[in-house]
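Input: a single structure, listed below in structure tokens.
In this note's numbering, the protein residues as written are 213 to 302.
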């Protein structure tokens, strides 16, 4: 009924070839996944599917990095944003 919420903060984004850094506060497993990133080019709210599609600027490849052990640390509330949002994790 409700979509899973995930965001990659601006501080998580690095350029091609830049190093991914382990957070000082986390010593657990780090996972890497290739993903398709959608770049939104303009503001869009309460849009139809067609209007949302018109807001897409383009597509890119993303290295989606995850602090795997934080993801399900609380079994009642998955930590997608925290586990994937560290600096350099995108």
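Beta carbons: idealized from backbone N, C-alpha and C, even for Gly.
Distance between residue j and residue i (C-alpha atoms, nearest Å)
i           : j           : result
residue 224 : residue 281 : 18 Å
residue 228 : residue 266 : 27 Å
residue 264 : residue 214 : 18 Å
residue 259 : residue 236 : 40 Å
residue 226 : residue 284 : 25 Å
residue 277 : residue 245 : 6 Å
Test item: CB-CB of residue i and residue j under 8 Å
i           : j           : result
residue 253 : residue 242 : no
residue 302 : residue 218 : no
Three or more C-beta pairs below 8 Å linking the region 271-284 and the region 243-253
yes
Length at least 4, wholly inside the region 236-273: the alpha helix (DSSP H) runs in chain order:
261-266
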